[in-house]
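To start, the structure itself, in structure tokens.
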């Protein structure tokens with residue numbers, strides 16, 4: 092059999108067929124990839140809906156939620172008023188206490204001795220002043236001696252007041268019900284004036300702080316009610332506005348509002364987060380959290 096010559100035309104046809112086959116193969120692969128990606132996207136976006144709680148879903152159905160953070164209505168950081176060692180420290184970080192409980196006691200024996208000395212001097216200057224007044228009535232002493240006796244008594248009285256305040260601060264009592272948020276010292280450690288001792292927060296009264304657009308003041312007012320979904324306890328709690336900051340932030344055009352949580356048996360802690368929904372909100376513009 093004689094081999095037929097391959098012409099340029101037949102070679103061109105062969106290349107065209109190969110290119111068509113490649114195009115079909117690439118098109119098929121692209122369609123498979125798109126179908127797989129669409130299925131994965133659908134599964135990924137459907138998962139959170141199944142994990143969303145009923146309480147959170149009911150909140151989201153009303154209006155766009157405003158993210159909030161819970162804050163204590165009272166908090167205090169105690170510092171030392173004198174140089175002394177820590178004598179008694181019955182509580183630890185995270186411990187709860189009642190109003191009036193002793194939180195910390197310093198060893199203030201030196202300060203108490205100085206206070207007692209000032210008390211004795213106060214008695215002496217008081218008697219000296221009474222004597223000076225009597226002698227002056229008889230014109231037995233000069234006006235200067237009377238003024239000096241009065242000044243000595245006043246200076247000793249001032250020392251007694253100062254030392255009394257220092258001795259009183261040697262025992263720190265809880266000013267409200269709460270918990271210890273931070274402890275800076277340990278038993279037997281020596282502290283100096285100004286050294287931080289501990290930080291406590293009120294856990295009985297929790298407030299909500301957030302910043303909202305200033306144009307919300309058209310409909311937002313004191314006693315406006317709203318609902319708060321607390322993430323940590325997975326529950327909706329009613330609340331209301333108790334204060335509106337009188338000053339608007341000119342750059343961001345926002346205003347800070349403070350809300351009060353209604354009666355609840357749940358233990359709410361400062362730092363918990365959630366979403367607040369205002370049923371009277373005519374817009375869906377989200378608020379920013381004041382941290």
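Residue numbers (my numbering): 92 to 382.
Glycine is no exception: its CB is placed at the ideal position from the N, C-alpha and C atoms.
Taking the C-beta atoms as reference points, residue 280 is found nearer than 7 Å to residue 177. Rounded to whole angstroms, the separation of the alpha carbons of residue 227 and residue 221 is 10 Å. Around the Cβ of residue 373, a 10 Å sphere holds fewer than 16 other Cβ atoms; the residue is exposed. With respect to the C-alpha of residue 321, the residue from 367, 211, 217 having the closest C-alpha is 367. In this structure, residue 184 lies away from residue 254, with their beta-carbon atoms at least 7 Å apart. Here DSSP, grouped into helix, strand and coil, assigns residue 165 to coil.
One alpha carbon belongs to residue 164, the other to residue 210, and they sit about 40 Å apart. In the structure shown, residue 230 falls within a coil segment according to DSSP collapsed to helix, strand and coil. In this structure, DSSP gives residue 220 a helical state, which the three-state scheme calls helix.
In the displayed model, residue 213 falls within a helix according to three-state DSSP. For residue 270, the closest of 299, 341, 336, 289 by C-alpha to C-alpha distance is 289. Along the length of the segment 277-340, whole beta strand (DSSP E) runs at least 3 residues long occupy 287-293, 297-304, 316-321, 326-335, reported in chain order.
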